[in-house]
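Reading through the structure tokens given below for one structure.
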Amino acid sequence: MSAPEDAVWLFVLQHGIDGHTTDLDAIRARTTELATARGISAVVWDADVNEGSATHHGVIQCAARLWEALEPKLSSQLELHKGDVRLSFVGHSLGGLILRVVAARLYEWRAGSPARLRVLLDTFMSIATPHLGCRTLGQEAHGGVGPAIRASTAVMRAGLRATKRTTGSDLLLDSDTLDRISTGVYIQALSSFRARVNVANLDGDWVCPFACASLLDAAECDYVHSQTGLTTEGRASVLWCAADHTDAEIPPMAPPPTVCVTPSEAKDTCCIVMRELPESWDPSSTLSRHMTWDDFGRAGRAVKILRHLRSSGSWELYIARFGRQASFISGCFTPHIDIVAIPLQIKETHGNQVVEHIAGLLLRPSDVSRS
């Protein structure tokens, strides 16, 4: 038997609702290529335990299946490598919620044995994830069928509830699942990662609107939109600052605690660093942003979820733009699926640009910090 390698970096991928492991192939391939080029021993891994309609069984059940597959994988990596096992999570859409639950199981598992502390929690990345649920499903629809979608948000919620079963109830805040996974050990688990990274579509994502995915409050969302011109119409960029983008670099955000920074090692991109909301924070405008006619207190719960998630530590937010288009082609939503370059997407080049950026973020040196 060959001697154990010193260390390894394990990347765990989880796709979204009705998805398959192939959905994140672009991220898998680019991360693997980049790691190899840098001489990093990396394993990019996922499991087929939540494919297709299995994603309808609810966030908790999906997470339980993934953890059941991941735990022996971690144990085998600890046996194989005498050095540290760096671990990063990458979840697209529903996958981000699933991985938040898995992170809590992982947090408790690591505490069970000193040997397991060799598993170092590096990056938790969510991509177009409905952290606050999908109550505003359809509101970001523009162009094409956009007007019809915006006029039918209640029908869309009913359809999500009926067709996606337990998961639909979770996403619509009919159940208390998203409330529960935003408190206690779930927040402690997020806090234990070296970096928390969020990637969201600025506009056009009517599956997971910006206000639900970004973790910005209403005032912060409005500020971002006010500082964003239309020069990227029809082109993708990562937070306005792609090389071909002509908008002026946005200034530090106001009011605190959110700031916009330009990483020194990547001058053509920047991120928004989101910190804990202050005690004096007024949630009223954010509450209104998430209100629906059949709300019954759900918007208030979304606001509490936002506050809890922001308390887990600094988050980096990277924003992609694909133009104000909403489409449904061959069973695929865009730009919700363009952002990870899922096969059959319309804007292949643009999606690959975002994937390139995602892979670079995942493989940053451990001493790089945005906070």
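Numbering (UniProt numbering), first residue to last: 1 to 371. For every residue, glycine included, the Cβ atom is placed at its ideal position computed from N, Cα and C. Keep in mind the model is a prediction, meaning the values are calculated, not measured.
Notebook entry, point to check: Which residue spans inside the stretch 174 to 216 form an unbroken alpha helix (DSSP H) run of at least 4?
Noted result: Here the runs fully enclosed are 177 to 180, 185 to 191 and 210 to 213.
Next item on the list: Compute the Euclidean distance between the alpha carbons of Ser312 and Asp338, then round it to the nearest angstrom.
Entry: Asp338 has its alpha-carbon roughly 28 Å from the corresponding atom of Ser312.
Note to self: On the CB-based measure, 16 or more other CB atoms within 10 Å of its CB, does Phe296 come out buried or exposed?
What the structure shows: Exposed is the call here.
Check: Starting from Trp9 and walking both ways along the alpha helix (DSSP H), at which residues does that stretch end?
Finding: For Trp9, there is no enclosing alpha helix (DSSP H); the residue is part of the beta strand (DSSP E) that begins and ends at Val8 to Gln14.
Next item on the list: Please list, in chain order, all residues of the same chain as Ala219 whose beta carbon is under 7 Å from its beta carbon, the five residues on each side excluded.
Entry: By the criterion of a C-beta distance shorter than 7 Å, Ala219 is surrounded in its chain by Ser285, once the five residues flanking it on both sides are discounted.
Next item on the list: Go ahead and pull the three-state DSSP assignment for Asp76.
Entry: One point to set straight first is that residue 76 is Ser, not Asp, in the sequence displayed. The answer is helix: DSSP assigns Ser76 an H, G or I state.
Item checked: Outcome for Ala248 when other beta-carbon atoms lying within 10 angstroms are tallied against a minimum of 16 -> Only weak support exists for where Ala248 lies, its pLDDT of 36 falling under 50; the coordinates are left without a value.
Next item on the list: Would you check if there are 3 or more beta carbon pairs closer than 8 Å linking the stretch 129 to 141 to the stretch 191 to 209?
Entry: Using a Cβ-Cβ distance cut-off of 8 Å, the stretch 129 to 141 and the stretch 191 to 209 are in contact, since at least three pairs of beta carbons, one from each stretch, lie closer than that value.
Notebook entry, point to check: Cys271 by DSSP, collapsed to three states: which one?
Noted result: Here Cys271 sits in strand by DSSP.
Checklist line | Cβ neighbour criterion (16 or more within 10 Å) applied to Trp293 | finding: The residue is exposed, with fewer than 16 neighbouring Cβ atoms inside 10 Å.
Check: Contact check, Leu132 vs Ile98 under 8 Å by CB: the rounded distance?
Finding: So it is not a contact: roughly 16 Å between Cβ atoms.
Next item on the list: Could you tell me the distance, in whole angstroms, from the CA atom of Gly95 to the CA atom of Val12?
Entry: If you draw a straight line from the Cα of Gly95 to the Cα of Val12, it is about 11 Å long.
Notebook entry, point to check: In its own chain, which residues sit with a C-beta less than 7 Å from the C-beta of Ser41, not counting the 5 before and 5 after it?
Noted result: These residues qualify, in order along the chain: Glu5, Ala7, Val8 and Trp9.
Note to self: Quick check on the burial criterion: 16 or more other C-beta atoms within 10 angstroms. Buried or exposed for Lys82?
What the structure shows: Lys82 comes out exposed.
Note to self: DSSP three-state label for Glu316, please.
What the structure shows: Strand at Glu316.
Note to self: On the DSSP bridge list, what partners appear for Gly112?
What the structure shows: Gly112 is not bridged by DSSP to any residue.
Notebook entry, point to check: If we ignore side chains and look at the alpha-carbon of each, how far apart do Ser191 and Leu171 end up?
Noted result: Taking the straight line joining both Cα atoms gives about 23 Å.
Margin query: Less than 8 Å between the beta carbons of Thr123 and Arg28, yes or no?
Written below: In this structure, Arg28 does not lie closer than 8 Å to Thr123 by Cβ.
Checklist line | 6 Å Cβ shell around Met125 - same chain, five flanking residues per side excluded | finding: Excluding sequence neighbours, Met125 sits near Val90 and Val197.
Next item on the list: Say whether the stretch 109 to 117 touches the stretch 172 to 186, bearing in mind that this needs 3 or more beta-carbon pairs closer than 8 Å, one atom from each stretch.
Entry: Here the stretch 109 to 117 makes no contact with the stretch 172 to 186; the two share fewer than three CB pairs at distances below 8 Å.
Next item on the list: With DSSP as the reference, label His336 as helix, strand or coil.
Entry: Look at His336 here: in three-state DSSP terms it is coil, with no helix or strand label.
Next item on the list: Closer than 7 Å by C-beta to Val44: which residues in its own chain qualify, once you throw out the five before and the five after it? Chain order, please.
Entry: Contacts found: Phe11, Leu13, Arg28, Thr31 and Thr32.
Notebook entry, point to check: Is Arg180 buried or exposed, if buried means 16 or more other CB atoms sit within 10 Å of its CB?
Noted result: By the neighbour-count criterion, in which a residue is buried when 16 or more other Cβ atoms sit within 10 angstroms of its Cβ, Arg180 is exposed.
Check: Just the Cα atoms here: how many angstroms apart are Ala64 and Gly19?
Finding: When rounded, the distance between both Cα atoms is 17 Å.
Next item on the list: Please work out which residues of its chain come closer than 8 Å, Cβ to Cβ, to Leu202, disregarding the five sequence neighbours upstream and downstream, and give them in chain order.
Entry: Excluding residues within five positions, the ones whose Cβ falls inside 8 Å are Phe210, Val224, His225, Thr228, Ile319, Ala320 and Arg321.
Margin query: Alpha carbons only, please: which of Glu356, Pro283, Arg105 and Pro335 is nearest the one belonging to Leu74?
Written below: Closest option to Leu74, Cα to Cα, is Arg105.
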